[in-house]
Amino acid sequence: MRSRRGRKAIAGWAILSAMLVFAAPSALLAEDKGLSPEIRIVYLAREGDPAYAEVASDDGVFRPPLPEPYPGAELAIRDTRATAHAIGATVTLDKQVLAPDADAVGAARSIAEGGAVAIIADLPVDDFTAVAKALPAAALPIFNIRHSADALRRALCSTGAFHVIPSTSMATDALAQFLVRKTWRRVLVLYGPLPSDKLLADAFQASAKKFGAKIVDTKSFIFGNDPRRRDQTNVAIMTASEDYDILFLADTLGDFGRFVPYEQAKPRPVIGTEGLRPSAWDAVAERYGAPQVNHRFERNAHRPMTDYDWAAWVAVRAVVEAVARAKATTGPAIEAALARVDLPIDISKGVEGSFRPWDHQFRQSIMLHSGDAVIGYAPFEGFLHQRTPLDTLGTDEGEAACKAPSP
Amino acid sequence: MRSNACATLHASKALHGIAALFLALTGAWPMPARAAGTGLVFVSNERSSEIFVLDGSDNVVSSFKSCGRPRGMRFTLDHTKLVVACGSDNTIAVYEVSTHKLVKRFRDVPDPETFDLHPNGHDLYISNEDDAEATVLNIDTGEVTAHYPVGDEPEGVLATPDGKYVFVASEAANLVQVIDVAAKKVVKELLTGTRPRRFAITPDGKQVWVSDEIAGIVEIIDVATLASVGRIEFQPLGLRRDEITPVDIVMTRDGKRAYVALGRANHVAVVDVPSRKAVDYILVGKRPWGLRLSRDERKLYVANGLSDDVAIVDTASDKVVKAVPVGVIPYAILIDD
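Taken in order, these protein sequences are the chains called A and B.
Numbering of the first sequence is given in the numbering used here, commencing with residue 1 and proceeding in unit increments.
Numbering of the second sequence is given in the numbering used here, commencing with residue 1001 and proceeding in unit increments.
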């Protein structure tokens, strides 16, 4: 099941480094412990994954299909090759694609038994959940690079799942901090008919409460032109009664929301799924070395780097850091290092990232972007935490369902 | 950061024979004197692609449009030429110090960020940020004589004053690589803290200091063994750990004091070199990176990247005495004194 593409790329790099890259290997790992130099990471995807399918555009919304984040992992292999060489390790990436009806759990088990040290799971949420629950927690890290639901973190907190992509609550906390810092505290919330719209609105509501923003009203919208339902279809009417500083919009489908900024009764900024939006990464980020990462990515993948590409990139870097700093070379050792050691991982967002012991959520800053610029990085100045300001975003230790394992 | 033990030896073509003899006898490189001595201060501004010029009393006397995104700068050994790395133009540009006129351009140097001039006076060791390479450009002949693949996003480059080694820091790879100049190969790869950026060398040539920006520390590398032997931490009052992002380092000629620009902390740390302790912190401006000491070491020039100014610190009192507005995102400072 090994992908030719993945193996070929790795072989190419290996040859390159053998030929001319480093004349004098220092081979720290080999010197220190006589450890096996091959660190194999499996990128597991499923054929026909609906997340990457063409999206119908009957509603006129242009939704380009989401590109698979595999090139993010590939880039990280290239980016870490010098580090890997310096410590005497070879890091390889092996892409495996499950057939549409193949058993994900069985495949993951044989990957773990086959000596891979980590799985980057580019899988639908049901597959991901099943794999994380089926494998022993200490077997190897299974990286979530796609799913942001907080419930997933709660459900899998005692498994080997490591969530690189930010949780929804981290994203809404970032927005709430921004509002409070601007003293744009009065918020009108509009949410759509989908369950995901309601979940997002609820997450924002919790964030507003956490940081002291005031929700003046919460209203749901529906699609349609029925004049008898104007109270739910007409943005001007929905926004005319009470005053507010900013409108939070939860429209995960992205149709209705496109018009909201210009249909309000009052001229007010919009945040959420329109206007100012939270993200893990942005292809136009200008600071902290992000332009270099974006440029390298674009040069190889011929497209802009997405949040998911970035998450796959971080997953590989996390494994390499565990190998380099904690001298971990097996799945269980890497899992333990990521879960328990204070292992700093460079993420090109100006801070060191690391995994929270209590739910394996990756600590990181959140970008707030407007489409053509990154407006700010949360956590913002003034939001403090006894551990690190990064822990002002998302679920803190005391709020988590699981207790952190003792070190 | 080179010794000025030979500062009185004037470089000229006539002296090349003597220089070669000197080299043969001592194994060290001769240090020609500074010829221009205009007293001018040059500041590269990476966002506005300008070089600002300050006079001896720290007033802006002129500025000129440079090649695109000028970052690292060095004088040639005789101080008559200013060499500038221009990242967005893939260029190394050479300007006349006295007239600020462009004399030469070396093109097709991919994304140069910064560089050091080897004490032989003609080899520039350049970090090519985008290509994970260090290239060697001979500025007499214009020839690229070597490529050394390094880690991703290489930045700081330091040639040791004896000409033996060149140190290259790769930001994104958390690596310092050491090139043996004579052997023309990388002889050591040192794993560092997160995002190693810049170097300084103690005047006795025994220690190389490297700043780990995101780890928030300076690491000390022993040159004899090429091993990390210590670290310096910073705790300015009232600032959080993640706000300490050290970048540039300069050291006094007596090897007693070092100054470290702390980036997001908006301070410069004063370090007692023998005890490896930070003894003072100077508030300078927003996100200081580039540093330079005047020759008499009475003034420290600080490039504040996010407040577009150069702060001038009186080193006797460790206080900022003046802040001079310059271009957008000042990066490096050079003083022709």
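For every residue, glycine included, the Cβ atom is placed at its ideal position computed from N, Cα and C.
Taking 8 Å as the threshold, the shortest C-beta distance from Val-1150 (chain B) to chain A falls below it.
Put simply, the CB of Thr-388 (chain A) is near chain B, with a gap under 8 Å to one of its CB atoms. Per DSSP, reduced to three states, the secondary structure at Asp-217 (chain A) is strand. Here Gln-292 (chain A) is buried. Its C-beta has 16 or more other C-beta atoms within 10 Å. Here Lys-349 (chain A) is buried, its C-beta having at least 16 other C-beta atoms within 10 Å. Following the DSSP letters along the chain, one finds Tyr-244 (chain A) in no beta strand (DSSP E), marked with neither H nor E. Take Val-1060 (chain B), set aside five residues on each side of it, and the residues of its chain with a beta-carbon closer than 8 Å to its own are Phe-1052, Val-1053, Leu-1054, Val-1324, Pro-1325, Val-1326, in chain order.
DSSP places Tyr-52 (chain A) in the helix class (H, G or I) of the three-state scheme. Taking a C-beta cut-off of 9 Å against chain A, the contacting residues of the stretch 1161-1187 of chain B are Ser-1170, Glu-1171, Ala-1172, Ala-1173, Asn-1174, Leu-1175, Gln-1177, Asp-1180, Ala-1183, Lys-1184, Lys-1185, Val-1186, Val-1187, listed in chain order.
Going by C-alpha positions, Thr-1202 (chain B) is about 14 Å away from Leu-1226 (chain B). Approximately 17 Å separates the beta-carbon atoms of Phe-128 (chain A) and Phe-355 (chain A); this is outside 8 Å, ruling out the contact.
Membership of Thr-92 (chain A) in the beta strand (DSSP E) is indicated by the continuous run 90-98. Taking C-alpha positions only, Ser-1127 (chain B) is separated from Gly-1151 (chain B) by approximately 10 Å. Note on Ser-167 (chain A): 16 or more other CB atoms within 10 angstroms of its CB, so buried under the neighbour-count rule. Between the C-alpha atoms of Ala-1215 (chain B) and Arg-1197 (chain B) there is a straight-line separation of about 11 Å.
DSSP, reduced to helix, strand and coil, places Ser-1049 (chain B) outside both helices and strands of the structure shown, so it counts as coil. The CB of Thr-1225 (chain B) never comes closer than 8 Å to any CB in chain A; the least such distance is about 13 Å. Pro-100 (chain A) is classed as exposed because its beta carbon has fewer than 16 other beta carbons within 10 Å across all chains shown.
DSSP lists no bridge partner for Glu-399 (chain A). Within 8 Å of the CB of His-85 (chain A), the CB atoms of chain B belong to Glu-1189, in sequence order along the chain. Of the residues assessed, Ala-1085 (chain B) falls on the buried side of the cut-off, its CB having 16 or more other CB atoms within 10 angstroms. When DSSP states are grouped into helix, strand and coil, Val-1273 (chain B) belongs to the coil group. For Asp-1123 (chain B), the enclosing beta strand (DSSP E) begins and ends at 1123-1128. Boundaries of the beta strand (DSSP E) harbouring Gln-1177 (chain B): 1175-1180, taken from the DSSP string. Closest by C-alpha distance to Lys-198 (chain A), out of A:Thr-159, A:Asp-251, A:Leu-44, is A:Asp-251.
Just measuring C-alpha positions, the residue of A:Thr-306, A:Arg-268, A:Ala-155 sitting nearest Asp-243 (chain A) is A:Arg-268.
Taking a beta-carbon distance threshold of 8 Å, Asp-1242 (chain B) counts as an interface residue toward chain A.
For Pro-379 (chain A) and Leu-156 (chain A), the gap between their C-alpha atoms comes out near 25 Å. When the Cα atoms are used, Arg-63 (chain A) and Ser-57 (chain A) turn out to be separated by approximately 7 Å.
Here the C-alpha atom of Ile-1282 (chain B) lies approximately 26 Å from the C-alpha atom of Ala-1169 (chain B). Close to Ile-1214 (chain B), with beta-carbon spacing below 8 Å, are these residues of chain A in chain order: Pro-344, Asp-346, Gly-350, Val-351, Glu-352. Residue pairing of Gly-1263 (chain B) in beta bridges, as defined by DSSP: absent, with no partner found.
Measuring C-alpha to C-alpha distances from Ala-1332 (chain B) to each of B:Val-1320, B:Gly-1121, B:Asp-1318, B:Thr-1114 identifies B:Thr-1114 as the nearest. Residues of chain A whose Cβ lies closer than 8 Å to the Cβ of Ala-1132 (chain B) are, in chain order, Ala-82. In terms of beta-carbon proximity, Arg-1231 (chain B) stays away from the interface with chain A, with every pair separated by 8 Å or more. In the displayed model, Ile-334 (chain A) falls within a helix according to three-state DSSP.
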